[in-house]
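Using numbering that gives the first Met the number 0, read the sequence shown as starting at 0 and increasing by one per residue.
The beta carbon of each residue, even a glycine, is placed where N, CA and C say it ideally should be.
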Amino acid sequence: MAILLVDDKEIEAKNGTNLLQACLDNNIYIPHLCYLESMGISSASCRMCFVGIEGEDKPTTSCTTMVKDHMVVKTDTPVVRQLQRTALRLLLSAHHIDCKNCHANKTCELQNIAKFLNVGLKSKPLDRYLKDTDIDLDHPYLNYYPNRCVLCGKCLHVCRNQHGQSVLTFANRGFNTVMSFYASGDAPSSFCEDCTLCVDICPVGALILRESQDIF
Ligand code: SF4
Ligand code: SF4
Ligand code: FES
C-alpha cells in the first residue's frame, strides 16, 4: 500500500495503481476522457488529467503515473487548470457543438468537464476545424458522428475486450483522424447484433444506435 497526500487529504492506494484511479477511488475528481480502469496502460490521448506532483518541474498526466508512498499531489493549481482548459479548448475546436440536437445532451462528459473547468462550450478562443462528414452511416446498426468524437478510444477497447477483436479502429492521421468500421470487414452483423457496449461507453454523443436516430 502507498499513502499519498492529495490536495491535503491522505489517501491509500495499492502499489501499481495509477494516480488517476487512486484519486477517483477516493472521490477526488480529475477531468479525464480517454481512461478506463480495464485499459491497463492508458493511451493518454486526451491530455486532460494533469496533476502537479511535489518535486516535479511540470504537471504530469495522472493516468500514466503510478502512485508512490509519500507522494504529495495537487489537482487544482493554476498551471494544471490552464493545461486542462487548453486541452478542452483544442477538443472543442474540432467539435460540432449542437447539444440541443444531440442524444448525449445532459449526460455528456464533455459538458461535465466544461462545466467543471468553467469553460463555455461555445466560447471561441480557437478557430473551429470541423470535418467534412458530419455523420457516417457505414455501419448497419450504428451512426457515427466524427465531429462529436473525442477520439478517446474507449469504444475500440470495449469491443476488443468483449469479442477478442475490435470491429472499430482509428483511421487517417492528425486532424483527420476518425473512428472507423474499417476493421470489421463483414463482422459487424455477427458481432454487433446483440451488443451495444461501444454505444454505452462513448462519453459523448458520437455513437448512437440507428433506431434511436429518428429524433436526432
Ligand atoms: S457530444 Fe456533448 S458537447 Fe457535443 S453536441 Fe453532444 S451533448 Fe453537446
Ligand atoms: S466514438 Fe465515442 S467512444 Fe469511440 S473514440 Fe469517439 S468519443 Fe470515444
Ligand atoms: S485520462 Fe489521462 S490523458 Fe486522458
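The beta-carbon distance between Y28 and C62, rounded to whole angstroms, is 13 angstroms. This is too long to meet the 8 angstroms contact definition.
Rounded to the nearest angstrom, the gap between the Cα atoms of Q161 and C154 is 11 angstroms. Put simply, the stretch 75-83 does not touch the stretch 93-104. Fewer than three CB pairs are less than 8 angstroms apart.
For R172, the number of other beta carbons within 10 angstroms of its own is below 16, and it is reported as exposed.
In this structure, ligand 1 has a non-hydrogen atom nearer than 8 angstroms to the beta-carbon of N104. DSSP, read as helix, strand or coil, puts L206 in strand. Within a 10 Å sphere around the beta-carbon of R147 sit 16 or more other beta-carbons, which makes this residue buried. Contact check for L4 and A21: beta-carbon distance about 12 angstroms, past the 8 angstroms limit, so the pair fails to qualify.
Of the candidates D133, L89, T16, the residue whose Cα lies closest to the Cα of S122 is L89. The beta-carbon separation of T74 and D6, rounded to 6 angstroms, stays under the 8 angstroms limit for a contact. L4 carries a strand assignment under DSSP once its states are collapsed to helix, strand and coil. When secondary structure is reduced to three states using DSSP, L35 falls in the coil class, being assigned neither helix nor strand.
The beta carbon of A205 sits closer than 6 angstroms to those of Y144, R147, C148, all from its chain and outside the five residues before and after it, given in chain order. G51 and F190 have their C-alpha atoms some 42 angstroms from each other.
Counting of Cβ neighbours within 10 angstroms places F174 among the exposed residues, the total staying below 16. Rounded to the nearest whole angstrom, the CA to CA distance from S41 to L150 is 13 angstroms.
For ligand 3, a non-hydrogen atom lies closer than 8 angstroms to the CB of A43.
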